[in-house]
Amino acid sequence: MKRSWTRTQFWKSDWFVGLVVSLLLVLASGSSLMQGAERIAYDWGVRLSDASPSDRVAVITIDDQSIANLGRWPWSRDLHAAMIDLLKRGGAKVIGYTVFFLEPQLDPGLRYLRDIIAFYDASDLPQLPEFIPDPGNRQRLVEQLSELEGRIFEAEGALDTDRILAGSLEQAGNVVLAMPFVIGAPQGEPDTRLPDYVTRHALTRIGGDLASLGPDLLPLPTYAAIPPIPAVGPLALAIGHLNAYPDVDGSIRSEPLVLNHYDTLYPSVSLLLAARSLNLGNDKIEVLLGEGVRLGRLLVTTSPDLQMNTFFYGGSEGRSPFPVDSFYDVATGKIPPEKYKGKIVLVGATAVGIGDTQVTPISPTMAPVLSLAHSVSSILEEDFFVQPSWAPWLRLGLMLLVAAYLVAALPRFKAGPAAGISVALVALMLGAHVGLMTTQGIWIQFIAPLSMLVAGHLLLTTKRFLATERGKLRADAESADSNRMLGLSFQGQGQLDLAFEKFRKCPMEDSMQEVLYNLALDFERKRQFNKAGAVYRYVSDYNPEFRDVKERLERTLAMEGTVMLGGGGGALDMGTMMLKGGAGIEKPKLGRYEVEKELGKGAMGVVYLGRDPKINRVVAIKTMALSQEFEDDELVEVKERFFREAETAGRLNHPNIVTIFDAGEEHDLAYIAMEFLKGKDLSRYVKQDNLLPLPKVMELTARSADALGYAHGLNVVHRDIKPANIMYDDEKDELKLTDFGIARITDSSKTKTGTVLGTPSYMSPEQLAGKKVDGRSDLYSLGVMLFQLVTGRLPFTGDSMATLMFKIANEKPPNPLELRKDIPVCLAALIHRCLAKDPAKRYQNGQEMAAFLRKCAATLNK
Numbered sequence: 004m005k006r007s008w009t010r011t012q013f014w015k016s017d018w019f020v021g022l023v024v025s026l027l028l029v030l031a032s033g034s035s036l037m038q039g040a041e042r043i044a045y046d047w048g049v050r051l052s053d054a055s056p057s058d059r060v061a062v063i064t065i066d067d068q069s070i071a072n073l074g075r076w077p078w079s080r081d082l083h084a085a086m087i088d089l090l091k092r093g094g095a096k097v098i099g100y101t102v103f104f105l106e107p108q109l110d111p112g113l114r115y116l117r118d119i120i121a122f123y124d125a126s127d128l129p130q131l132p133e134f135i136p137d138p139g140n141r142q143r144l145v146e147q148l149s150e151l152e153g154r155i156f157e158a159e160g161a162l163d164t165d166r167i168l169a170g171s172l173e174q175a176g177n178v179v180l181a182m183p184f185v186i187g188a189p190q191g192e193p194d195t196r197l198p199d200y201v202t203r204h205a206l207t208r209i210g211g212d213l214a215s216l217g218p219d220l221l222p223l224p225t226y227a228a229i230p231p232i233p234a235v236g237p238l239a240l241a242i243g244h245l246n247a248y249p250d251v252d253g254s255i256r257s258e259p260l261v262l263n264h265y266d267t268l269y270p271s272v273s274l275l276l277a278a279r280s281l282n283l284g285n286d287k288i289e290v291l292l293g294e295g296v297r298l299g300r301l302l303v304t305t306s307p308d309l310q311m312n313t314f315f316y317g318g319s320e321g322r323s324p325f326p327v328d329s330f331y332d333v334a335t336g337k338i339p340p341e342k343y344k345g346k347i348v349l350v351g352a353t354a355v356g357i358g359d360t361q362v363t364p365i366s367p368t369m370a371p372v373l374s375l376a377h378s379v380s381s382i383l384e385e386d387f388f389v390q391p392s393w394a395p396w397l398r399l400g401l402m403l404l405v406a407a408y409l410v411a412a413l414p415r416f417k418a419g420p421a422a423g424i425s426v427a428l429v430a431l432m433l434g435a436h437v438g439l440m441t442t443q444g445i446w447i448q449f450i451a452p453l454s455m456l457v458a459g460h461l462l463l464t465t466k467r468f469l470a471t472e473r474g475k476l477r478a479d480a481e482s483a484d485s486n487r488m489l490g491l492s493f494q495g496q497g498q499l500d501l502a503f504e505k506f507r508k509c510p511m512e513d514s515m516q517e518v519l520y521n522l523a524l525d526f527e528r529k530r531q532f533n534k535a536g537a538v539y540r541y542v543s544d545y546n547p548e549f550r551d552v553k554e555r556l557e558r559t560l561a562m563e564g565t566v567m568l569g570g571g572g573g574a575l576d577m578g579t580m581m582l583k584g585g586a587g588i589e590k591p592k593l594g595r596y597e598v599e600k601e602l603g604k605g606a607m608g609v610v611y612l613g614r615d616p617k618i619n620r621v622v623a624i625k626t627m628a629l630s631q632e633f634e635d636d637e638l639v640e641v642k643e644r645f646f647r648e649a650e651t652a653g654r655l656n657h658p659n660i661v662t663i664f665d666a667g668e669e670h671d672l673a674y675i676a677m678e679f680l681k682g683k684d685l686s687r688y689v690k691q692d693n694l695l696p697l698p699k700v701m702e703l704t705a706r707s708a709d710a711l712g713y714a715h716g717l718n719v720v721h722r723d724i725k726p727a728n729i730m731y732d733d734e735k736d737e738l739k740l741t742d743f744g745i746a747r748i749t750d751s752s753k754t755k756t757g758t759v760l761g762t763p764s765y766m767s768p769e770q771l772a773g774k775k776v777d778g779r780s781d782l783y784s785l786g787v788m789l790f791q792l793v794t795g796r797l798p799f800t801g802d803s804m805a806t807l808m809f810k811i812a813n814e815k816p817p818n819p820l821e822l823r824k825d826i827p828v829c830l831a832a833l834i835h836r837c838l839a840k841d842p843a844k845r846y847q848n849g850q851e852m853a854a855f856l857r858k859c860a861a862t863l864n865k
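Taking the numbering used here, I'd label the letters of the sequence shown as residues 4 to 865.
As structure tokens, this is what we get:
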């Protein structure tokens with residue numbers, strides 16, 4: 004019997020679903036949503052691409068530091084003139100100034116001076132000497148009037164900052180200025196023509212006829228522009244446009260190298276800077292309409308409207324790939340101008356509130372001057388992304404192939420092979436997108452065909468599931484009895500989460516209430532109060548009056564909010580608390596100590612304020628979750644070492660060492676109860692704006708050295724001396740060293756603690772090398788801390804751990820006298836001895852170092 008082709012079968016067929024999806028995605032391929040997705044894929048390709056920026060580009064930024072020190076924006080133009088003079092003396096090849104000079108700067112004093120000059124010229128004062136009969140008085144008046152004229156005109160010249168800037172531009176002869184154009188199609192003729200000093204920089208070598216090409220093959224049109232003021236514009240080496248053209252999502256990915264202003268083509272600042280750095284004039288810049296721009300021997304391939312897809316270079320650790328210096332540092336001589344010899348120097352604003360920032364593929368807030376640096380480098384290094392003329396045809400071909408796959412091939416495969424083929428096609432397109440961008444600099448828009456493939460596959464798979472798999476799933480569904488039995492089995496094995504998952508698949512009835520109630524009790528026994536609360540809530544939704552579910556739910560909710568005091572390793576589980584007949588909750592305990600509150604977090608764990616109820620003594624309790632920090636095979640050994648080190652530290656009895664009262668272990672937490680200190684650590688005094696007086700620094704360091712000398716005499720080495728481990732109460736003038744033995748406990752950790760404790764900046768060379776250390780290593784660390792407390796900086800810093808370790812092991816520390824002039828020579832000598840690479844050349848004990856410190860401090864009072 005021949006099968007009839009019904010309308011219902013037509014709509015249900017897989018090939019028809021594939022065809023509909025394909026048509027919808029083809030129609031949506033030009034939508035803003037799809038174009039936005041294409042741009043996101045483009046940004047990822049840019050981030051994954053790697054290239055070295057031009058070493059000829061440097062940036063000087065008008066940053067927050069410059070604004071704070073040189074005054075509010077806008078600045079007087081003599082500041083810009085001074086910078087141009089500096090860069091010229093330093094030998095800069097070409098200077099790109101992104102600050103617009105669009106209006107004259109008229110100082111109020113200059114206006115008054117010019118009024119005075121006008122009044123003087125119109126008055127009879129110049130002829131006054133003629134009416135004085137005495138020759139001597141007449142000559143004296145002539146001289147005074149002449150000196151007055153000279154001073155007035157000298158003052159006018161000093162206040163006329165536009166003239167000062169013009170003089171600097173003329174003397175430098177290598178400054179490229181920027182001007183803004185307004186992008187948009189003109190409706191008629193311009194209101195005013197651009198001045199000659201702008202039009203002479205227009206491009207004249209044009210390959211193609213502007214009149215014969217369509218608008219898609221012409222540079223972006225503009226209908227207005229604001230040139231630099233006549234006082235400075237004619238003296239610039241060149242003037243170019245500084246216009247960003249946002250993409251469909253508002254991001255800046257490309258730069259128009261050429262703009263069309265009433266059929267006259269004007270170059271961008273980046274194009275002019277690249278040309279002048281190569282000693283090329285505008286006559287060597289050739290515009291290839293619809294293709295790109297030729298710059299001498301460089302060919303910059305662009306989009307048809309002459310926009311270059313800029314290569315944005317990635318920097319390391321969030322830093323700019325280009326040398327970036329503060330305007331203030333250069334202006335004050337901190338950075339010598341010779342640094343910029345032979346460079347393309349870009350000057351522009353990055354300070355908050357000055358100008359707009361741009362969203363680029365590598366940064367959501369990039370200043371225009373930094374974006375310009377990427378553009379200049381892209382031109383010079385020929386690093387840019389190209390969309391070939393055949394790219395749209397390839398994209399269309401891929402969409403047709405995907406449509407054919409969805410309509411004709413995918414319906415023939417089973418679910419497994421279909422998923423494998425679709426995943427392979429997705430990986431192929433993604434790989435092609437990334438590979439072409441990272442290796443060839445070619446951008447093909449693969450997102451539309453890729454979206455068509457993913458959407459079509461998911462819809463067809465969903466349709467198959469709904470049409471053919473639903474019945475099978477119903478037939479194979481677990482029965483209520485099997486789910487209950489599995490749940491009870493999991494509960495018996497202690498797998499409570501799996502048990503709850505199975506119980507929820509059972510119909511809720513009276514018999515299940517008891518089962519779930521017992522499960523919640525098991526969660527409570529494990530101190531998992533949030534999960535117990537979820538089970539009680541599940542039961543309560545069915546029967547809120549069942550047994551004491553209501554009271555237990557309220558109690559677990561109260562415990563949920565305080566289930567952890569603090570967070571991370573060493574947090575105290577509130578399951579240690581005791582309940583008083585359901586009426587309230589006692590304070591949590593560690594051993595015999597009541598925990599009052601969290602004081603803070605350290606690398607080793609959480610620190611709590613506690614109280615010993617037997618003698619009502621306030622203590623600080625430091626905790627450490629050893630089971631989280633160490634592997635199982637080393638946990639037993641570490642616990643033994645923990646208590647051994649705690650016992651050793653507990654024997655220390657010195658007025659400058661914190662007293663250890665007790666150590667113990669409870670609920671997977673090791674803890675040490677110690678003397679509670681009200682002061683703060685010395686780390687707040689290592690910043691240059693908050694340094695302690697030298698006598699105080701030397702006395703505190705001497706006390707620390709005394710304490711270390713005492714500990715070393717008992718064969719106890721601290722191993723982690725740093726400002727954060729020295730507490731100081733300035734009201735009582737009391738100093739205490741803390742954390743004896745903690746660094747040794749964590750030496751063998753293979754997890755995060757081992758990488759945090761030890762503080763590499765303060766570690767001695769022998770400690771970094773993994774050699775056996777003694778008390779002289781602590782004295783080295785104390786010397787590093789003294790250096791920091793005195794100068795406000797560390798003796799050794801590095802961009803990476805390897806760099807820092809190399810400097811500590813091999814380089815000489817800087818001389819403190821070069822960083823702070825009021826340091827006594829004896830203190831500098833003491834620090835130098837403490838930081839000796841060879842332990843034998845350091846102080847051999849803390850008492851020796853303390854004695855020398857106090858002797859040196861005595862010289863401060865003489």
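Glycine included, C-beta positions come from ideal geometry on N, C-alpha and C. Note that the structure is predicted; figures quoted are calculated from it, not measured.
Distance CB(residue i)-CB(residue j) smaller than 7 angstroms
i	j	result
Val689	Pro658	no
Val372	Thr794	no
Leu283	Leu260	no
Leu439	Ile450	no
Leu223	Ile186	yes
Ala277	Leu383	yes
Glu597	Arg614	yes
Thr441	Leu51	yes
Val719	Thr651	yes
Phe104	Val235	yes
Beta-bridge partners of residue i, as assigned by DSSP
i	result
Ala352	Ile65
Ala228	Phe184
Ile663	Met677
Asn312	Ser257, Phe388
Asn619	Beta-bridge pairing links Asn619 to no other residue.
Simplified DSSP assignment, three categories, for residue i
i	result
Ala854	helix
Asn546	coil
Ser323	coil
Val566	The predicted model places Val566 with a pLDDT of 37, which falls under 50 and marks its position as unreliable, so this point remains unresolved.
His715	helix
Pro452	helix
Ile826	coil
Gly295	strand
Ser707	helix
Pro189	coil
Asp479	Its pLDDT being 42, under 50, Asp479 is placed unreliably in this model, and the value from its coordinates should be taken loosely. Asp479 falls in the helix class under three-state DSSP.
Ser686	helix
Tyr200	helix
Gln496	coil
Lys583	In this prediction, Lys583 has a pLDDT of 34, which is less than 50 and means its spatial position is unreliable; nothing more can be read from the coordinates.
Integer Cβ distance of residue i from residue j, believed to fall under 8 angstroms
i	j	result
Ile229	Gln361	Not a contact, Cβ separation roughly 20 angstroms.
Thr626	Leu672	5 angstroms
Ile724	Asp781	5 angstroms
Next item on the list: Say whether the region 380–397 touches the region 313–332, bearing in mind that this needs 3 or more beta-carbon pairs closer than 8 angstroms, one atom from each stretch.
Entry: Yes: at least three Cβ pairs fall under 8 angstroms.
Margin query: Could you check whether the region 86–95 touches the region 166–176, counting it as contact only if at least three pairs of C-beta atoms, one from each stretch, sit closer than 8 angstroms?
Written below: With the rule of 3 Cβ pairs closer than 8 angstroms, the region 86–95 counts as touching the region 166–176.
Check: Do the region 245–256 and the region 35–48 make contact, defined as three or more Cβ pairs closer than 8 angstroms?
Finding: yes
Margin query: With three or more beta-carbon pairs closer than 8 angstroms as the criterion, would you say the region 287–295 touches the region 338–349?
Written below: Fewer than three Cβ pairs drawn from the region 287–295 and the region 338–349 lie within less than 8 angstroms of each other, which leaves the two stretches out of contact.
Check: Any contact of the region 707–720 with the region 839–859, i.e. 3+ C-beta pairs under 8 angstroms?
Finding: yes
Margin query: Contact between the region 481–493 and the region 72–80 is defined here as three or more beta-carbon pairs at a separation below 8 angstroms; is this criterion met?
Written below: Taking 8 angstroms as the limit for Cβ pairs, the verdict is that the region 72–80 does not touch the region 481–493.
Notebook entry, point to check: Taking three-plus beta-carbon pairs below 8 angstroms as touching, is the region 487–501 in contact with the region 520–538?
Noted result: yes
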